[in-house]
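Residue numbers (this note's numbering), protein chains in the order written: chain A, 1383 to 1824; chain B, 588 to 895.
Built from N, CA and C at the ideal position, the CB exists for glycine as well.
Following this line, the structure appears as structure tokens:
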């Protein structure tokens, strides 16, 4: 009896090692080429969440219909789950042929590990593919002068959304400065409406606030210094100011009660805005499609307002600057077989950013990264929104990439961790900067 | 002389029969041993080796000596994660043990209505941790949850957004999920206690409460140790439920060691430090299991059925 219980106990404790061990074992056993794809199918993972999922699926379906002999097998994942899954899969040699991502630091880590193919020469041979896309979208796809990914889909600036009906009800105007924001907070709270919705458990949602405050107060060079790994870059006085301001907003009950347990993946933060439980929300432009999809007649009846993040009084940043995703990116796994790579390249050249897809992106309220869509945008039912977005993305002196995408995954994880503690008021701006200075350049 | 004579049959049973039995038992253990070595020992060695390297999960594995260990051991996050893990372990043990003990004793009765209740109590154990976490998350949502829906002020707390409440919720949900299992163990334990002991106590005029403390509780000593070992070692590995419910948040209020390992390894791409934490987890788990075994004694003198 006794020896058996011991081994069960030991087994329980030993089985802890399994998750890491499994990843290790998978790495060792994977031979060259992703044979798991099977046959002549190229594999492609993309993000779920409607309405974008429908557009992505339609593009794959169209391509498969046109190419019965070289098809793409697609799988969908939730946003936050995908970010973890794709890294694990690449490390284990089980990556899909086509690797979706946001460029920047994540792509750099794949490039350094030799996991994705250099596409520079392919773009040189197929100039038509490159020339019709926004040049600004190639920045995050370029690592050390070489292009490793194809920009796809749409421009996604971060925008300050607000519920017009709630503003009318309270009798206030949308904020024009940071001071206005702080003045609006008590007014909404007095009426029992949360000033801002926030899906704080996802953490990158909190980060968008800092991205804008850093930029508006100190200009893009404050974060650029971090990105360039300058010593103690986080200790910049503008950074301290921005961190203090965001904590002031938290202390003033600027964010909805319970924000730190709300996840963005479930779209609960979006629901707070269209149900009128919150008055405003800082979110990516994709939010428009979600509000229109889930919010009943909220968008169609003109309930959703939007503006670029307002300037901070005395700040050095240009108020036209924006942050967000200059595009989404597809890279080709270097471990894929030659046939799969061929299918992927054909998909890149003929299956993406097609006229049909461009039209669908516009239909869901997004600006595609394709040049010369002005007339299509103007003709859309969401013309005002699309032209606003086009203006924000086009006029921005600096279109900064989201910090967690620009930095290396390890630094991004520390950043997100510290941001959530900052919003929880469990660390001070000073502690934040010293924690972050410690991981600069990693 | 007489002591020598009695100690021989006790200490060494006849050698011939013993050898034969051992060989057949070894064969029986082989399948379990193979699985255990393949999925327990080999990964553990892998993790140990990995903890002395630097690996981002994507590129090549670089040996780096004690760099990962240094990074983990100097990180202020480690004592915090250890403390949270300990809190979850101690509090969930403190909540689960008395409740499941009482439920177990109650369910051990032969009445039919108790059988029906036993089935009802058993339901939480049938649900997956992820499903339980998703459900509780929705119920406890301060804006769309139970409190807001029914308009009950008391229920519309920021359950998962405030550090102490979040930890409390985690312990509550863990207990809710596992009390049925431990009740079942105790139910079995109680039914093993010979009726004659209770009858004797009744003759001596013992009441219900006296019987519980003087007979039931001492007789359940080993059951309590078994159940506690499962709770304590099991709570080291709590991951799925906490990951879905709070993701370690708010801030790092519910970031237990297992979650810290996952976050470092799979979100931060730091496989070296994550492996070091995995090794720490294994060591802590083994130490606790050993400690509980010691507490339980195990010599022949500890028999609980003396005089029964």
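Beta-carbon proximity check, residue i vs residue j, cutoff 8 angstroms
i	j	result
residue 664 (chain B)	residue 847 (chain B)	yes
residue 1538 (chain A)	residue 1706 (chain A)	yes
residue 742 (chain B)	residue 733 (chain B)	yes
residue 1548 (chain A)	residue 1575 (chain A)	yes
residue 631 (chain B)	residue 869 (chain B)	yes
residue 1864 (chain A)	residue 1477 (chain A)	Limits of chain A in this structure are 1383 at one end and 1824 at the other, which puts residue 1864 (chain A) out of reach.
residue 757 (chain B)	residue 841 (chain B)	yes
residue 1559 (chain A)	residue 1722 (chain A)	no
residue 1534 (chain A)	residue 1686 (chain A)	no
residue 833 (chain B)	residue 717 (chain B)	no
residue 1823 (chain A)	residue 1611 (chain A)	yes
residue 831 (chain B)	residue 676 (chain B)	no
residue 1336 (chain A)	residue 1676 (chain A)	This structure cannot settle anything about residue 1336 (chain A), because the visible part of chain A is limited to 1383 through 1824.
residue 1698 (chain A)	residue 1601 (chain A)	yes
residue 1519 (chain A)	residue 1719 (chain A)	no
residue 1753 (chain A)	residue 1515 (chain A)	yes
residue 1427 (chain A)	residue 1505 (chain A)	no
residue 824 (chain B)	residue 845 (chain B)	yes
residue 1459 (chain A)	residue 1467 (chain A)	yes
residue 1802 (chain A)	residue 836 (chain B)	yes
Residues that residue i bridges to, as DSSP identifies them
i	result
residue 1544 (chain A)	A:1662 and A:1687
residue 1515 (chain A)	A:1752
residue 1426 (chain A)	A:1456 and A:1480
residue 645 (chain B)	Answer by DSSP bridge pairing: none, since residue 645 (chain B) is not bridged.
residue 1524 (chain A)	A:1529
residue 1707 (chain A)	A:1538
residue 1781 (chain A)	A:1704
residue 1579 (chain A)	A:1663
residue 1637 (chain A)	A:1578
Helix, strand or coil at residue i [DSSP, three-state]
i	result
residue 1326 (chain A)	With chain A covering 1383 to 1824 only, the question about residue 1326 (chain A) has no answer from this structure.
residue 898 (chain B)	Because chain B is modelled from 588 through 895, residue 898 (chain B) falls outside the range shown and cannot be assessed.
residue 1530 (chain A)	coil
residue 1415 (chain A)	Annotation note: pLDDT 36 at residue 1415 (chain A) (below 50); position unreliable, coordinate value reported separately. Of the three classes helix, strand and coil, the one that applies to residue 1415 (chain A) here is coil, per DSSP.
residue 654 (chain B)	helix
residue 1733 (chain A)	helix
residue 1712 (chain A)	strand
residue 1502 (chain A)	helix
residue 1409 (chain A)	Low confidence applies here, because residue 1409 (chain A) scores a pLDDT of 40, under 50, leaving its location unreliable and the question unanswered by this model.
residue 1510 (chain A)	helix
residue 800 (chain B)	helix
residue 640 (chain B)	strand
residue 860 (chain B)	helix
residue 837 (chain B)	coil
residue 728 (chain B)	coil
residue 1432 (chain A)	coil
residue 843 (chain B)	coil
residue 814 (chain B)	helix
residue 1694 (chain A)	coil
residue 1490 (chain A)	helix
residue 665 (chain B)	helix
residue 1556 (chain A)	coil
residue 736 (chain B)	helix
Beta-carbon neighbours of residue i, restricted to chain C and to distances below 9 angstroms
i	result
residue 850 (chain B)	The chain labelled as chain C is not found among the protein chains of the depicted structure, namely A and B.
Check distances from the C-beta atoms of the region 1482 to 1498 of chain A to those of chain B and list, in chain order, the residues that come in under 9 angstroms. 1491, 1492, 1494, 1495, 1496 and 1497
Counting Cβ pairs, one atom from each stretch, are 3 or more of them under 8 angstroms apart for the region 677 to 690 of chain B and the region 754 to 773 of chain B? yes
Which residues, in order along the region 1726 to 1750 of chain A, keep a beta-carbon less than 9 angstroms from a beta-carbon of chain B? none
Does the pairing of the region 856 to 868 of chain B with the region 636 to 645 of chain B give three or more beta-carbon distances under 8 angstroms? Yes, the region 856 to 868 of chain B is in contact with the region 636 to 645 of chain B.
Could you run through the region 1774 to 1800 of chain A and flag, in chain order, every residue whose CB is less than 9 angstroms away from some CB of chain B? Listed in chain order, the positions of the region 1774 to 1800 of chain A with a beta carbon within less than 9 angstroms of a beta carbon of chain B are 1790, 1791, 1792, 1793, 1794, 1795, 1796, 1798 and 1799.
Residues of the region 1572 to 1598 of chain A with a CB closer than 7 angstroms to any CB of chain B: list them in chain order, please. 1583
How about the region 701 to 718 of chain B and the region 775 to 782 of chain B: do they share at least three Cβ pairs that are nearer than 8 angstroms? no
Check whether the region 1753 to 1770 of chain A touches the region 798 to 806 of chain B, taking contact to mean three or more Cβ pairs, one atom from each stretch, closer than 8 angstroms. no
Decide yes or no for the touch test of the region 1433 to 1444 of chain A against the region 1732 to 1745 of chain A: beta carbon pairs closer than 8 angstroms, at least 3 of them. yes
Taking only beta carbons into account, state which residues of the region 1630 to 1661 of chain A come closer than 9 angstroms to chain B, listed in chain order. 1638, 1639, 1640, 1641, 1642, 1643, 1644, 1645, 1648, 1650, 1653, 1654, 1657, 1659 and 1660
Please list, in chain order, the residues of the region 636 to 653 of chain B that have any C-beta partner in chain A closer than 7 angstroms. 637, 643, 644, 645 and 646
Below 8 angstroms, can you find three or more Cβ-Cβ pairs linking the region 1483 to 1490 of chain A to the region 1785 to 1796 of chain A? yes
Any C-beta of chain A within less than 9 angstroms: which residues of the region 738 to 761 of chain B qualify? Those residues of the region 738 to 761 of chain B placed with their C-beta closer than 9 angstroms to a C-beta in chain A are 743, 744, 745, 746, 747, 748, 749, 750 and 753, ordered along the chain.
Along the region 1801 to 1812 of chain A, where does the CB come closer than 7 angstroms to a CB of chain B? Name the residues. 1802, 1803, 1806 and 1808
Using a Cβ cut-off of 7 angstroms, which residues of the region 1461 to 1481 of chain A contact any Cβ in chain B, in chain order? Contact annotation: in the region 1461 to 1481 of chain A, residues whose CB is within less than 7 angstroms of a CB in chain B are 1466, 1469, 1470, 1472 and 1473.
Quick one: any contact between the region 1627 to 1641 of chain A and the region 1566 to 1583 of chain A, if contact means 3 or more CB pairs under 8 angstroms? yes
Between the region 1615 to 1627 of chain A and the region 1795 to 1815 of chain A, can you find at least three pairs of beta-carbon atoms closer than 8 angstroms? yes
Within 9 angstroms of chain A by C-beta, residues of the region 851 to 865 of chain B in sequence order: Those residues of the region 851 to 865 of chain B placed with their C-beta closer than 9 angstroms to a C-beta in chain A are 851, 852, 853, 854, 855, 856, 857, 858, 861, 862 and 865, ordered along the chain.
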